[in-house]
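The opening position of the sequence shown corresponds to residue 1 in full-length UniProt numbering, with each subsequent residue numbered one higher.
Note that beta-carbon positions come from the ideal geometry of N, C-alpha and C, so glycine has one too.
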Amino acid sequence: MNSSAHRPSFGFSSLRNIITWFLILVLLIYSLYSSKFILNKPDNPDCSVPSSPHLSAKDNLDKDDVLTSPANTSSDQEPARKTNLLAAPFPERQDTTLQLKHVVFGIAASSSLWESRKEYIKLWWRPNETRGVVWLDSKVNVSKEEERLLPELRISQDTSSFKYTHRQGKRSALRISRVVSETLRMGMEDVSYPLAKELETMQDRCIQRYPGLYGSDDRIQACMAELGVPLTKETGFHQYDVYGNLLGLLGAHPVTPLVSLHHLDVVDPIFPGLDRVESLRRLFESAEHDTASIAQQSFCYDKDRYWSISVSWGYVVQIMRGVISPRELEMPTRTFLNWYKRADYTAYAFNTRPVTRHPCQKPFLFYLSSVRYDEKRGHIIGIYSLHKDQFPYCRWKSDSPEKLNSVVVLKKPDNNRWKRSPRRDCCRVLPSSRQTVMYLWVGSCRKGEQAALGVVTAKCEVSVYD
Numbered sequence: 001m002n003s004s005a006h007r008p009s010f011g012f013s014s015l016r017n018i019i020t021w022f023l024i025l026v027l028l029i030y031s032l033y034s035s036k037f038i039l040n041k042p043d044n045p046d047c048s049v050p051s052s053p054h055l056s057a058k059d060n061l062d063k064d065d066v067l068t069s070p071a072n073t074s075s076d077q078e079p080a081r082k083t084n085l086l087a088a089p090f091p092e093r094q095d096t097t098l099q100l101k102h103v104v105f106g107i108a109a110s111s112s113l114w115e116s117r118k119e120y121i122k123l124w125w126r127p128n129e130t131r132g133v134v135w136l137d138s139k140v141n142v143s144k145e146e147e148r149l150l151p152e153l154r155i156s157q158d159t160s161s162f163k164y165t166h167r168q169g170k171r172s173a174l175r176i177s178r179v180v181s182e183t184l185r186m187g188m189e190d191v192s193y194p195l196a197k198e199l200e201t202m203q204d205r206c207i208q209r210y211p212g213l214y215g216s217d218d219r220i221q222a223c224m225a226e227l228g229v230p231l232t233k234e235t236g237f238h239q240y241d242v243y244g245n246l247l248g249l250l251g252a253h254p255v256t257p258l259v260s261l262h263h264l265d266v267v268d269p270i271f272p273g274l275d276r277v278e279s280l281r282r283l284f285e286s287a288e289h290d291t292a293s294i295a296q297q298s299f300c301y302d303k304d305r306y307w308s309i310s311v312s313w314g315y316v317v318q319i320m321r322g323v324i325s326p327r328e329l330e331m332p333t334r335t336f337l338n339w340y341k342r343a344d345y346t347a348y349a350f351n352t353r354p355v356t357r358h359p360c361q362k363p364f365l366f367y368l369s370s371v372r373y374d375e376k377r378g379h380i381i382g383i384y385s386l387h388k389d390q391f392p393y394c395r396w397k398s399d400s401p402e403k404l405n406s407v408v409v410l411k412k413p414d415n416n417r418w419k420r421s422p423r424r425d426c427c428r429v430l431p432s433s434r435q436t437v438m439y440l441w442v443g444s445c446r447k448g449e450q451a452a453l454g455v456v457t458a459k460c461e462v463s464v465y466d
């Protein structure tokens, strides 16, 4: 008989006893913990709805009865306590709309040309509204009256320590390129643009590395390249340095804002019979009524007289015999010359077309002579007068625009033009009882409206390249 059968088994019995006592201990601890909540109640329960500034005003009004229910009061004897969620402060919304006060103008000028150049600044500078500084190479005399009409004048820092080796350029390019940095160092309020800050910290060292560059623009671009910042490609926002007559450019401006005019002293006055300052003053008369639409092109066709009409609002109306397609009308005519005299028309960054040699296709020019705002009708009335010129003989039997003395253009102000998708305005020929006056309406296109060739018969269709 095996003796092991009579041996007691202590292992299994001991483990069972340990588990039993462990479970009894856990139940005892849980009972003691639960009794704390059963025997002790809170003295002042608060079940009121907390005020929250994130709840909408509509929800607050719809749930007013919830806020005044008995569940939201400390006792039945106390008056109902109403939480005013509408009075809760909402986070203040910061206006991020770009305004004129957010732009600072850094203007470089020469003391030798200041007497003539200051008249340009007076045309667009708005005292107590625009912000900026004119940086001069030496001190100039300014009357007290002019101090009120002009920006603050300052003298640029000495740049004689900077290297400049370009044989055809001028050292003034160094001073002009530093206008951004010098303006930023003045510490104007709210002037802290990231790129300007970065440029200011390194520009003086940067331009020392490029003594062979020609102008100030080249130096700015070189420093931006070192910062790794590309030039933003914005359609239409480009600088065109040209000579001659600006009619071709301003008469067919792209569908983008007209921002500035360059090198006014080397181009012809934009209005015949006026000097440069007087011409700009007349252009600004239209800009005061509708800045966003200045020099914006639109075109239409007079199907009864077989005319093509191009309107550069606030500047000029061009009327041509026959039908010229919109594709050709929107291309500037080469009335101007390239800044580099050896370069031809292929050097432009935009398409151009030649000035027509066809005697019947020469445009009749009607320049702006006066403009006013009609408050009763709510639109701008511009009168464009015929520029008297020698018109070549034309064999076409169609009516000649030479019979017109003036063109009256009606337009409503459109300050929100650039907040919409870019589109050229539409032009409509209005009926007129006077043979010497044409009336046009320029404004936003109606649904389905277009400048179509189909409204005119093809008997006078020609190309400007003929």
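- Determine the extent of the beta strand (DSSP E) in which PHE364 is found, giving its start and end residues. Along the sequence shown, read from residue 1 onward, the residue named residue 364 stands at position 364. Per DSSP, PHE364 belongs to the beta strand (DSSP E) from 364-374.
- Message: Taking the straight line between their C-alpha atoms, what separation do you get for LEU153 and LEU113?
- Response: In the sequence shown, residue 153 corresponds to position 153, counting from 1. In the sequence shown, residue 113 corresponds to position 113, counting from 1. Each residue's alpha carbon lies about 14 Å from the other.
- Those runs of the beta strand (DSSP E) which lie wholly inside the stretch 410-436 and span at least 3 residues: 426-430, all fully within the stretch 410-436.
- Per DSSP, which residues does ASN338 bridge with? Please list them. Locating residue 338 in the sequence shown gives position 338, where the first residue counts as 1. The partner list for ASN338 (beta bridge, DSSP) reads VAL242.
- Message: Can you give me the C-alpha to C-alpha distance between TRP21 and ILE29, rounded to a whole angstrom?
- Response: Sequence index remark: in the sequence shown, residue 21 carries index 21 (1-based). Sequence index remark: in the sequence shown, residue 29 carries index 29 (1-based). Answer to the nearest angstrom: the Cα atoms are 13 Å apart.
- On the premise that ILE121 lies in contact with LEU150, defined as a C-beta separation below 8 Å, what is that separation, rounded to the nearest angstrom? Numbered from 1 along the sequence shown, position 150 holds the residue referred to as residue 150. Numbered from 1 along the sequence shown, position 121 holds the residue referred to as residue 121. Their Cβ separation, rounded to whole angstroms, is 6 Å, which keeps LEU150 and ILE121 in contact under 8 Å.
- Any idea which residues DSSP pairs GLU145 with across the strands? Along the sequence shown, one-based indexing puts residue 145 at 145. The partner list for GLU145 (beta bridge, DSSP) is empty, contrary to what the question assumes.
- Message: Quick test of the definition: if touching needs 3 or more C-beta pairs under 8 Å, does the stretch 104-119 touch the stretch 132-150?
- Response: When Cβ pairs closer than 8 Å are counted between the two stretches, the stretch 104-119 is seen to touch the stretch 132-150, the count reaching three or more.
- Task: Only counting runs of 3 or more residues, tell me where the beta strand (DSSP E) segments fall wholly within the stretch 302-364, in order along the chain.
- Result: Here the runs fully enclosed are 307-312, 316-321, 336-338.
- Item | C-beta atoms of LEU246 and PHE336 nearer than 8 Å | Here residue 246 refers to the residue found at position 246 of the sequence shown. Here residue 336 refers to the residue found at position 336 of the sequence shown. A contact, by the Cβ cut-off of 8 Å.
- Give the straight-line distance between the Cα atoms of ARG374 and PRO392, rounded to the nearest whole angstrom. As a position in the sequence shown, residue 374 is number 374, starting the count at 1. As a position in the sequence shown, residue 392 is number 392, starting the count at 1. Note that residue 374 corresponds to Asp in the displayed sequence, not to Arg. Roughly 38 Å separates the two Cα atoms.
- Message: In this structure, how does DSSP classify GLU402 when only helix, strand and coil are distinguished?
- Response: Counted from its first residue, the sequence shown places residue 402 at position 402. Correct three-state label for GLU402: helix.
- Message: If you reduce the DSSP assignment to three classes, tell me which class MET188 lands in.
- Response: If you number the sequence shown from 1, residue 188 lands on position 188. Coil.
- Are the CB atoms of GLU285 and VAL371 nearer to each other than 8 Å? Sequence index remark: in the sequence shown, residue 285 carries index 285 (1-based). Sequence index remark: in the sequence shown, residue 371 carries index 371 (1-based). Yes, the pair counts as a contact, with Cβ atoms nearer than the cut-off.
- Sequence-distant residues of the same chain with beta carbon closer than 7 Å to residue 467, five excluded per side: The chain is shown from 1 up to 466; residue 467 falls before or after that span and cannot be answered.
- Query: With 16 other CB atoms within 10 Å as the buried threshold, where does ARG81 fall?
  - Reply: Position 81 of the sequence shown, counting from 1, holds the residue named residue 81. Any reading at ARG81 must be qualified, since the residue scores a pLDDT of 39, below 50, and its modelled position is unreliable; the value itself is stated next. Burial call: exposed.
- Message: Contact defined as beta carbons within less than 8 Å: I believe ARG424 pairs with VAL316. What is the distance between those atoms, to the nearest angstrom?
- Response: Position 424 of the sequence shown, counted from the first residue, corresponds to residue 424. Position 316 of the sequence shown, counted from the first residue, corresponds to residue 316. Their Cβ separation, rounded to whole angstroms, is 16 Å, which puts ARG424 and VAL316 out of contact at 8 Å.
- Query: Using CA coordinates, which residue listed in VAL437, SER398, SER161, VAL442 is at the minimum distance from CYS360?
  - Reply: Locating residue 360 in the sequence shown gives position 360, where the first residue counts as 1. Minimum Cα-Cα distance from CYS360 among the listed residues VAL437, SER398, SER161, VAL442 corresponds to SER398.
- Query: Under 8 Å, do HIS253 and GLN221 count as touching if we go by C-beta distance?
  - Reply: One-based indexing of the sequence shown puts residue 253 at position 253. One-based indexing of the sequence shown puts residue 221 at position 221. The answer is no: Cβ separation not under 8 Å.
- Alpha-carbon spacing of ASN338 relative to VAL267, whole angstroms: In the sequence shown, the residue the question calls residue 338 occupies position 338. In the sequence shown, the residue the question calls residue 267 occupies position 267. Their Cα atoms are separated by approximately 11 Å.
- Query: Between which two residues does the alpha helix (DSSP H) harbouring PHE271 extend?
  - Reply: Taking the first residue of the sequence shown as 1, we reach residue 271 at position 271. Counting along the chain, PHE271 falls outside any alpha helix (DSSP H), and DSSP gives it neither H nor E.
- Determine the direct distance from the alpha carbon of ARG126 to that of SER432, and round the result to whole angstroms. The residue labelled residue 432 in the question sits at position 432 within the sequence shown. The residue labelled residue 126 in the question sits at position 126 within the sequence shown. Approximately 40 Å between the Cα atoms of the pair.
- Message: Can you give me the C-alpha to C-alpha distance between ARG209 and LYS139, rounded to a whole angstrom?
- Response: The residue labelled residue 209 in the question sits at position 209 within the sequence shown. The residue labelled residue 139 in the question sits at position 139 within the sequence shown. One C-alpha to the other measures close to 30 Å.
- Using CA coordinates, which residue listed in ARG428, GLY251, GLN203 is at the minimum distance from PHE364? Stepping through the sequence shown from its first residue, residue 364 is reached at position 364. Measuring C-alpha to C-alpha distances from PHE364 to each of ARG428, GLY251, GLN203 identifies GLY251 as the nearest.
- Item | Residue nearest to GLY378 in terms of C-alpha spacing, selected from LYS163, LEU410, VAL242 | Position 378 of the sequence shown, counting from 1, holds the residue named residue 378. In terms of Cα proximity to GLY378, the closest of LYS163, LEU410, VAL242 is LEU410.
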